[in-house]
Amino acid sequence: MNEYKIKLAFRGYELKKIKKCSEARITRLFLEGNYASPQAPHGYRKENKKLIVIEDPAEAVRRMVTLMMNTFSKVN
142 MNEYKIKLAF
152 RGYELKKIKK
162 CSEARITRLF
172 LEGNYASPQA
182 PHGYRKENKK
192 LIVIEDPAEA
202 VRRMVTLMMN
212 TFSKVN
């Protein structure tokens, strides 16, 4: 029983350590101007780990955001 508790404690420690390292890596990539996700968001493409704007879809996204902001500003 004690062996189980010890293993459980080590698993919890390792999980926290991995999570902290992963978050630090993603933050560092972001601060360096890199994008950490395997897929680029809509309206972008990845080129050498950097996001490049694709104008046609980006314009559609800008329009959607503008429409959404105008709608919500009228509600509030």
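In terms of our numbering, the sequence shown has 170 at position 29, counting the first letter as 1, and numbering is strictly consecutive. From the three backbone atoms N, C-alpha and C, an ideal C-beta is built for every residue, glycine too.
Query	Result
Threonine 207 to glutamate 155 span [Cα, whole Å]	44 Å
Three-state secondary structure assigned by DSSP to tyrosine 176	coil
Three-state class that DSSP yields for isoleucine 159 in the structure shown	helix
Lysine 191, enclosing beta strand (DSSP E) - first and last residue	191-194
Expected contact under 8 Å - CB spacing of alanine 177 and leucine 170 to nearest Å	5 Å
CB-CB length for arginine 186 against isoleucine 195, believed under 8 Å	6 Å
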